[in-house]
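Per numbering that gives the first Met the number 0, residue 0 is the first one in the sequence shown, and the count goes up by one each step.
For every residue, glycine included, the Cβ atom is placed at its ideal position computed from N, Cα and C.
Please read these numbers as outputs of a predicted model, since none were measured by experiment.
Following: one structure in structure tokens, then a few remarks.
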Amino acid sequence: MYCLPLALPAPLQVQAHNNSRFQSKPKPIRAMRAVVQRVASASVEVEGRTVSEIGPGLLVLVGLHESDSDSDADYICRKVLNMRLFPNESSGRGWDQNVMQRNYEVLLVSQFTLYGVLKGNKPDFHVAMPPQNAKAFYASLVDSFRKSYKPDAVKDGVFGAMMKVNLVNDGPVTMQIDSQSPKNSNDVIEEQS
0 MYCLPLALPA PLQVQAHNNS RFQSKPKPIR AMRAVVQRVA SASVEVEGRT VSEIGPGLLV
60 LVGLHESDSD SDADYICRKV LNMRLFPNES SGRGWDQNVM QRNYEVLLVS QFTLYGVLKG
120 NKPDFHVAMP PQNAKAFYAS LVDSFRKSYK PDAVKDGVFG AMMKVNLVND GPVTMQIDSQ
180 SPKNSNDVIE EQS
């Protein structure tokens, strides 16, 4: 059983029920995925020990797709570092400054479950990049962030470990980025203020 939206006119409801072309499936994402959260603070624990922590800044959960390439990593790095998620305290304008302009920190955490698909009640992660490839690829992504910003301002979790990620959301503000077409992007890394 499924519910149709109440706003549809009656004839269209009958068509949608009888014609499968109106029931579209979501297209699978074939790109690197980042879930970006503005935080007052965040930390990662592994086996009861804090391995990384930041003050104000961005917590970025990164999902690697099996088809990701360097251009996907470059796109995500540019977008995350240039997202204007912070207010400008001087001018009072909201959504005006990026993490670099505020001199804040970034905490990157690899999370293959961002590519989980439910098959019945069980998650399936077959489109996530295999761990043997993902570890080196993730390390190069972290390196790109450090080269593009300040090395000591970019922290990360432990790849492949069971982690406890603690965060204090600021807002809350949460954005999702998929690198669907980085080759067509005209994004330019902004100069630090």
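{"Item": "Buried or exposed: K118, going by 16 or more other Cβ atoms within 10 Å of its Cβ?", "Value": "exposed"}
{"Item": "Give me the DSSP bridge partner(s) of H125.", "Value": "In DSSP, H125 forms no bridge with anything."}
{"Item": "Measuring only the C-alpha atoms, how far is V172 from L84?", "Value": "8 Å"}
{"Item": "Going by beta carbon distance, what residues of the same chain come within less than 6 Å of M162, once the five residues before and after it are set aside?", "Value": "V43, V45, G156"}
{"Item": "Among residues of its own chain, excluding the 5 on either side of S184, which ones have a beta-carbon nearer than 7 Å to its beta-carbon?", "Value": "Bear in mind that a pLDDT of 48 at S184, under 50, signals an unreliable position, so the number given afterwards is only what the model happens to contain. Taken in chain order, the residues that qualify are Y74."}
{"Item": "Compare the C-alpha of G115 against each of Y103, L107, P129 and name the closest.", "Value": "P129"}
{"Item": "Among N87, S178, A33, which has the Cα closest to the Cα of V105?", "Value": "A33"}
{"Item": "Rounded to whole angstroms, what is the Cα-Cα separation between L57 and R101?", "Value": "11 Å"}
{"Item": "Roughly how many whole angstroms lie between the Cα atoms of W94 and D67?", "Value": "29 Å"}
{"Item": "Hey, how far is the Cα of A160 from the Cα of L60?", "Value": "14 Å"}
{"Item": "Please return the same chain residues whose Cβ sits closer than 8 Å to the Cβ of V108, not counting the five positions on each side in sequence.", "Value": "V43, L58, V59, L60, V61, D155, G156, M162, V164"}
{"Item": "Write down every uninterrupted run of the beta strand (DSSP E) in the stretch 54-109 whose length is 3 residues or greater and which is fully enclosed by it, in chain order.", "Value": "56-62, 104-109"}
{"Item": "With H, G and I counted as helix, E and B as strand and the rest as coil, what does DSSP make of Q131?", "Value": "helix"}
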